[in-house]
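Undergrad: Each residue of the sequence shown is one higher than the one before, starting from -14 at the first, in my numbering. Glycine included, C-beta positions come from ideal geometry on N, C-alpha and C. Pasting in a structure now, in structure tokens, and then I'll have a few things to ask.
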Amino acid sequence: MLTKYLIRKLWSSEEAMQRGARYWRMGVGMAVGFGSSLSAWLVERRRSDLIKKNPNDKEDIPMTILWLAPQFGLLGIANGLVLKGLTDFFDDRVPQSKQYFEMLFNLSLMVIGAFLNGLAVLLAPDWFGDTIDKCQLDKYLLMLAILNVAVLPLYIFLSLRFNWNVPDEVDGRDIDIEEVGGNDVEIL
């Protein structure tokens, strides 16, 4: 709700400008995602330093769950901004008859990210030890933060080059689906 308010107040009332501003929401979400990755890296770095200072397994390491609050707060903000931006992009570019594919489109992009994340785990198996005390998750989280920073300029470049104007008409060749007698029927 805050981004809708800010977009209405900060950008002109011209529809194309507001549409372009809505897509900058994704860029801000990506930047906040970098903050989340950086926060996770800092917490893991601190945790691993405490483990190195206290090598005795019988001593407790002074940590609280509040160390994770900034990471998860920023991650929630980033997910909200990016998913809302993807939803706006899909709604502007896809005809009304295909709007039910929006969730599948958004989830497929998330699955691609999870798959690439899994590949990163396979490429650096020595970062993931048998126990949490022997793994090097700080290197993995730093890699994620660097990837976030590397992708952000690419997104900004592509968003500046992209034509944000939505065509007024959609050609008549779309397939509309109507329900007739409980069965879906395609109408060309």
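State the DSSP-derived secondary structure class of N41, mapped to helix, strand or coil.
TA: Working through the sequence shown from its first residue, we reach residue 41 at position 56. N41 falls in the coil class under three-state DSSP.
Undergrad: Can you find the residues in the same chain that come closer than 8 Å, C-beta to C-beta, to V28, ignoring five residues on each side of it along the sequence?
TA: In the sequence shown, the residue the question calls residue 28 occupies position 43. Closer than 8 Å at Cβ, skipping near neighbours: W52, L53 and Q56.
Undergrad: Determine the direct distance from the alpha carbon of W26 to that of V67, and round the result to whole angstroms.
TA: Taking the sequence shown and counting its residues from 1, the one referred to as residue 67 is at position 82. Taking the sequence shown and counting its residues from 1, the one referred to as residue 26 is at position 41. Taking the straight line from one Cα to the other gives about 21 Å.
Undergrad: Ordered along the chain, which non-local residues of its own chain (more than five positions away) have a Cβ less than 7 Å from that of M(-14)?
TA: Here residue -14 corresponds to residue number 1 of the sequence shown, with the count starting at 1. Around M(-14): no qualifying Cβ.
Undergrad: State the DSSP-derived secondary structure class of V79, mapped to helix, strand or coil.
TA: For the purposes of this step, residue 79 is identified with residue 94 of the sequence shown, where counting begins at 1. Coil at V79, not helix or strand.
Undergrad: Have a look at D34 and M88 and give me their C-alpha separation to the nearest angstrom.
TA: Walking along the sequence shown from the start, residue 34 turns up at place 49. Walking along the sequence shown from the start, residue 88 turns up at place 103. Going by the C-alpha atoms only, they are around 42 Å apart.
Undergrad: Report yes if the CB atom of L101 is closer than 8 Å to the CB atom of F19, and no otherwise.
TA: As a first step, residue 101 must be located in the sequence shown, where it is residue number 116. As a first step, residue 19 must be located in the sequence shown, where it is residue number 34. No; because the gap between Cβ atoms is not below 8 Å, this pair is not in contact.
Undergrad: Roughly how far, in whole angstroms, is the beta-carbon of I46 from the beta-carbon of I36, given that I think they are within contact range, below 8 Å?
TA: Translated into positions along the sequence shown, residue 46 becomes position 61. Translated into positions along the sequence shown, residue 36 becomes position 51. So it is a contact: roughly 6 Å between Cβ atoms.
Undergrad: With DSSP as the reference, label T49 as helix, strand or coil.
TA: Position 64 of the sequence shown, counted from the first residue, corresponds to residue 49. Coil, per DSSP.
Undergrad: Looking at the unbroken alpha helix (DSSP H) that takes in F142, where does it start and where does it end?
TA: In the sequence shown, residue 142 corresponds to position 157, counting from 1. L122 to R146 is the extent of the alpha helix (DSSP H) around F142.
Undergrad: Find out if the Cβ-Cβ distance for the pair M15, Y125 is shorter than 8 Å.
TA: Sequence index remark: in the sequence shown, residue 15 carries index 30 (1-based). Sequence index remark: in the sequence shown, residue 125 carries index 140 (1-based). Not in contact: M15 and Y125 (Cβ atoms no closer than 8 Å).
Undergrad: Taking only three categories from DSSP, how would you classify A109?
TA: The sequence position of residue 109 within the sequence shown is 124, counting from 1. Note: A109 maps to coil in three-state DSSP.
Undergrad: Check whether the Cβ atoms of S22 and L129 lie closer than 8 Å to each other.
TA: For the purposes of this step, residue 22 is taken as the residue at position 37 of the sequence shown. For the purposes of this step, residue 129 is taken as the residue at position 144 of the sequence shown. Result yes, Cβ atoms of S22 and L129 sit closer than 8 Å.
Undergrad: Between which residues of its own chain and A99 is the CB-CB distance below 6 Å, once the five residues before and five after are set aside?
TA: For the purposes of this step, residue 99 is taken as the residue at position 114 of the sequence shown. Correct list: empty, nothing qualifies.
Undergrad: Relative to the alpha-carbon of F74, which residue among K43, N91 and P40 has its alpha-carbon at the smallest distance?
TA: One-based indexing of the sequence shown puts residue 74 at position 89. Of K43, N91 and P40, the residue nearest in Cα terms is N91.
Undergrad: Between which residues of its own chain and D118 is the CB-CB distance below 7 Å, once the five residues before and five after are set aside?
TA: One-based indexing of the sequence shown puts residue 118 at position 133. Answer for D118: I36, listed in chain order.
Undergrad: Assuming M11 and G61 make a contact with CB atoms under 8 Å, what is their CB distance in whole Å?
TA: Along the sequence shown, one-based indexing puts residue 11 at 26. Along the sequence shown, one-based indexing puts residue 61 at 76. Going by Cβ atoms, the distance from M11 to G61 rounds to 16 Å, so no, they are not a contact pair.
Undergrad: Look at the alpha carbon of S144 and the alpha carbon of W9, and state the distance between them as a whole number of angstroms.
TA: For the purposes of this step, residue 144 is taken as the residue at position 159 of the sequence shown. For the purposes of this step, residue 9 is taken as the residue at position 24 of the sequence shown. Near 8 Å, if we compare the C-alpha coordinates of W9 and S144.
Undergrad: Apply the 10 Å Cβ neighbour rule to S24 and answer buried if 16 or more other Cβ atoms are within range, or exposed otherwise.
TA: As a first step, residue 24 must be located in the sequence shown, where it is residue number 39. It counts as buried.
Undergrad: Just the C-alpha distance for K83 and N133, rounded to the nearest angstrom, thanks.
TA: Locating residue 83 in the sequence shown gives position 98, counting from the first residue. Locating residue 133 in the sequence shown gives position 148, counting from the first residue. Distance between the alpha carbons of K83 and N133 is about 31 Å.
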